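Structure record follows, encoded as structure tokens.
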Amino acid sequence: MKVLIATDKPFAAEAVNGIRKEVESAGYELVLLEKYTEKKQLLDAVADVDAAIIRSDIFDKEVLNAGKNLKIVVRAGAGYDNIDLEAATANKICVMNTPGQNANAVAELAFGMAIYAIRNFFNGTSGIELGGKKLGIHAYGNVGRNVARIAKGFNMEVYAFDPYLSAEAIEKEGVKAVSSVEELYSTCQFVSLHIPATAETKNSINYDLLSKMPKKAVLINTARKEVINEADMVKLMTERTDFKYVTDIMPGNNAELAEKFADRYFSTPKKAGAQTAEANINAGIAAAKQIVDFLKNGNERFRVNK
Ligand code: 3PG
259 MKVLIATDKP
269 FAAEAVNGIR
279 KEVESAGYEL
289 VLLEKYTEKK
299 QLLDAVADVD
309 AAIIRSDIFD
319 KEVLNAGKNL
329 KIVVRAGAGY
339 DNIDLEAATA
349 NKICVMNTPG
359 QNANAVAELA
369 FGMAIYAIRN
379 FFNGTSGIEL
389 GGKKLGIHAY
399 GNVGRNVARI
409 AKGFNMEVYA
419 FDPYLSAEAI
429 EKEGVKAVSS
439 VEELYSTCQF
449 VSLHIPATAE
459 TKNSINYDLL
469 SKMPKKAVLI
479 NTARKEVINE
489 ADMVKLMTER
499 TDFKYVTDIM
509 PGNNAELAEK
519 FADRYFSTPK
529 KAGAQTAEAN
539 INAGIAAAKQ
549 IVDFLKNGNE
559 RFRVNK
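And the structure:
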């Protein structure tokens, strides 16, 4: 059996070593494709492997069809919007993610970005502090929980909205549950996004919602660029000269935002949230273990497709 690591953005070397250990001790062979520049390289690499570990790498119908022996694809990370689940199911390929494994890394970055924004991108002028401010966590999953934990250390008032969780489930963790997304945005000066990119959420962070945020609002996006309505963001930031936007996923209109709002907007050049040695090791090794357990024992615990 062959297990491919296909990562446009490579894992830390320790993570690759850890994955290799898991794969080889199960008696399988590891194949490595890193920093590929053309889809053809991916199509060739999947052609004869049984399993694949990927990150945000695009596994569309063409790639999944090219993987004639593919039985399982594990997204080492949380969001699996880069994988065509229907095509995977049609090809009898199991798709999994590794929930929670990189959550702390992403949560820590959210605070790094928030502080960078409110200290005016370290330009030497007087900023503001997180302590005592209201933070809204939009979607209370693994990353949202870690954000809440860290926010308490900053002495923030923590609110959350998650349509899939009861108020009790959120409040038992010392976080105030609000009953609508509008309430979250109108209550909190800081909002940290942790929603996946789905048909429902795409473009959902729009002018109406953002314009509800209090004065000196800061939106922190370590989730997905697709959830933001990009034209609305320009309109909002043009009108609201107090509004700051920091994102770890470069928007389609990055050049326009950077030019118009240089002192209130920042995007990382490449998604950095999960790019730590620890997150790479946690997610990569979890992915390898899940593959071995699936191929040897049929364990489908983290399956995300039908
Ligand atoms: C995730 O969904 O796990 C994060 O967005 C991290 O993505 P990455 O593995 O491409 O850095």
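Take the sequence shown: its letter number 137 is residue 395 in the working numbering, and every next letter is one higher.
Note that CB positions come from ideal geometry on N, CA and C, so glycine has one too.
Computed from a prediction, not measured in an experiment: that's the story for all the values here.
Item, Value
"Unbroken beta strand (DSSP E) run spanning Phe552, endpoints", "No beta strand (DSSP E) holds Phe552; the alpha helix (DSSP H) holding it covers Ala535 to Asn555."
"Buried or exposed by the 16-neighbour rule on C-beta atoms within 10 Å, applied to Gly285", "exposed"
"Sub-8 Å separation of Ala409 and Val416 beta-carbons", "yes"
"Whole beta strand (DSSP E) elements within the segment 270-324, 3-residue minimum", "287-292 and 309-312"
"DSSP-derived helix/strand/coil call for Lys216", "With the chain represented from 259 up to 564, any question about residue 216 goes unanswered, as that position is not in the structure."
"Stretch-stretch touch, CB-based, cutoff 8 Å, three pairs: the segment 325-343 with the segment 366-378", "no"
"Ligand 1 heavy atom lying under 7 Å from the CB of Gly337", "yes"
"Reduced DSSP secondary structure (H/G/I, E/B, other) of Thr347", "helix"
"Any non-hydrogen atom of ligand 1 within 7 Å of Ser314 CB", "yes"
"Buried or exposed (CB count within 10 angstroms, at least 16 for buried), Pro527", "exposed"
"Nonlocal neighbours in the same chain, by C-beta distance under 6 Å from Gly358, ignoring five residues either side", "Asn400"
"Residue burial classification, Asn404 (beta-carbon count within 10 angstroms, cutoff 16)", "buried"
"Buried versus exposed, by CB contacts within 10 Å (16 or more), Tyr443", "buried"
"DSSP state of Met491 mapped onto helix, strand, coil", "helix"
"Straight-line gap, Cys352 to Pro454 (C-alpha atoms, nearest Å)", "20 Å"
"Stretch-stretch touch, CB-based, cutoff 8 Å, three pairs: the segment 547-561 with the segment 342-350", "no"
"Neighbourhood of Ala475 by C-beta, 6 Å cutoff - its chain only, sequence neighbours within 5 removed", "Gln447 and Phe501"
"Nearest-angstrom Cα separation, counted from Thr505 out to Asp516", "Before going further, note that residue 516 is Ala rather than Asp in the sequence given. Going from the Cα of Ala516 to the Cα of Thr505 covers about 12 Å."
"Closest residue to Leu301 among Glu287, Asn540 and Asp318 (Cα-Cα distance)", "Asp318"
"Proximity below 8 Å, CB of Val364 to CB of Thr480", "yes"
"Candidates Gly432, Asp306, Pro509 and Pro268, of which the one nearest Val261 by Cα", "Asp306"
"Between the CA atoms of Leu393 and Ala348 - distance to the nearest angstrom", "42 Å"
"Reference Lys326, options Asp315, Val274 and Ala346, closest by Cα", "Ala346"
"Close-in-space but distant-in-sequence residues of the same chain around Val433 (CB under 8 Å, 5 per side omitted)", "Ile395, Tyr398, Ala406, Val416, Tyr417 and Ala418"
"Cα-Cα separation between Gln599 and Ser314, rounded to whole angstroms", "There is no way to answer for residue 599, as the model of the chain reaches only from 259 to 564."
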